[in-house]
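Trainee:
What follows is the structure in structure tokens.
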């Protein structure tokens with residue numbers, strides 16, 4: 001098939017659809033990861049973050065969602081720890097989904113004590129060692145947590161794909 005130039009509006013309509021999310025990864029001063037329990041699915045633990053709004057950058061999304069979900073007004077600089085690509089899942093999520101995980105640094109005891117959750121989104125927060133999280137989380141979810149934690153410690157960003165056959169780092 002010959003390459004035919006299309007106006008951008010027409011060309012973009014031929015491309016796969018994608019949505020995006022962004023979040024912040026925090027630990028306490030002892031290195032224990034901080035996660036939020038989803039209200040809509042009790043077995044799901046996640047980082048403060050969510051889907052991008054129109055016109056937002058991934059960084060703006062991560063900071064906004066963190067403030068909305070925890071009350072933490074993050075003022076640090078963007079440091080990308082990893083990206084996550086999820087293929088189109090049909091009726092479950094009819095578009096590719098791309099995630100950006102940024103380093104939120106260490107939370108002080110005072111910041112942790114001041115966390116205010118949005119009960120419509122999260123029912124609890126917890127700080128645990130990686131070993132404790134491994135016992136609590138589904139293997140796929142824990143692998144993402146362990147990979148992001150490793151990326152922070154090594155300075156080597158994580159790239160993770162989730163397709164029909166599972167995760168691939």
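In UniProt numbering, the protein residues as written are 1 to 169. Where a beta carbon is used, it is the ideal one built from N, C-alpha and C, also for glycine. Keep in mind it's a predicted model, so treat the numbers as computed, not measured.
Here's the rule: buried if 16 or more other CB atoms are within 10 angstroms of the residue's CB, otherwise exposed. What is residue 8?
Mentor: As a working note, residue 8 is residue 8 in the chain shown. Exposed: under 16 other Cβ atoms inside 10 Å.
Trainee: Suppose contacts are defined by Cβ-Cβ distances below 8 Å. Is residue 25 in contact with residue 152 by that definition?
Mentor: Along the chain shown, one-based indexing puts residue 25 at 25. Along the chain shown, one-based indexing puts residue 152 at 152. Yes, Cβ-Cβ distance for residue 25 and residue 152 is below 8 Å.
Trainee: Please state whether the Cβ-Cβ distance between residue 83 and residue 163 is less than 8 Å.
Mentor: Residue numbering aside, residue 83 sits at position 83 when the chain shown is read from its first letter. Residue numbering aside, residue 163 sits at position 163 when the chain shown is read from its first letter. Their beta carbons are not under 8 Å apart, which means residue 83 does not touch residue 163 by this criterion.
Trainee: How far does the beta strand (DSSP E) with residue 37 in it reach, from first residue to last?
Mentor: Within the chain shown, residue 37 is the residue found at index 37, counting from 1. Run containing residue 37: 33-38, per the beta strand (DSSP E) assignment.
Trainee: To which residues of the same chain is residue 97 closer than 6 Å at the C-beta, ignoring the five residues directly before and after it?
Mentor: Here residue 97 corresponds to residue number 97 of the chain shown, with the count starting at 1. Excluding sequence neighbours, residue 97 sits near 19 and 86.
Trainee: Would you tell me roughly how many angstroms separate the C-alpha atoms of residue 134 and residue 142, rounded to the nearest one?
Mentor: Your numbering for residue 134 matches position 134 in the chain shown. Your numbering for residue 142 matches position 142 in the chain shown. Roughly 6 Å between the two C-alpha positions.
Trainee: CB residue 22 to CB residue 58, shorter than 8 Å?
Mentor: Residue 22 sits at position 22 when you count from the first residue of the chain shown. Residue 58 sits at position 58 when you count from the first residue of the chain shown. Contact flag set, yes.
Trainee: Where does residue 142 sit, in a helix, a strand or coil, going by DSSP?
Mentor: Within the chain shown, residue 142 is the residue found at index 142, counting from 1. In this structure, residue 142 counts as helix in the three-state DSSP scheme.
Trainee: Just the Cα atoms here: how many angstroms apart are residue 17 and residue 30?
Mentor: In the chain shown, counting from the first residue as 1, residue 17 sits at position 17. In the chain shown, counting from the first residue as 1, residue 30 sits at position 30. Computed Cα separation, rounded: 40 Å.
Trainee: Taking the beta strand (DSSP E) that residue 124 falls in, what are its first and last residues?
Mentor: Within the chain shown, residue 124 is the residue found at index 124, counting from 1. From DSSP, the beta strand (DSSP E) with residue 124 extends over 122-127.
Trainee: Out of 55, 136 and 66, point me to the one whose CA is closest to residue 115's CA.
Mentor: Within the chain shown, the letter at position 115 stands for residue 115. Among 55, 136 and 66, the Cα nearest to that of residue 115 belongs to 66.
Trainee: Would you check if the distance between the CB atom of residue 109 and the CB atom of residue 33 is smaller than 8 Å?
Mentor: Here residue 109 corresponds to residue number 109 of the chain shown, with the count starting at 1. Here residue 33 corresponds to residue number 33 of the chain shown, with the count starting at 1. No, Cβ-Cβ distance for residue 109 and residue 33 is not below 8 Å.
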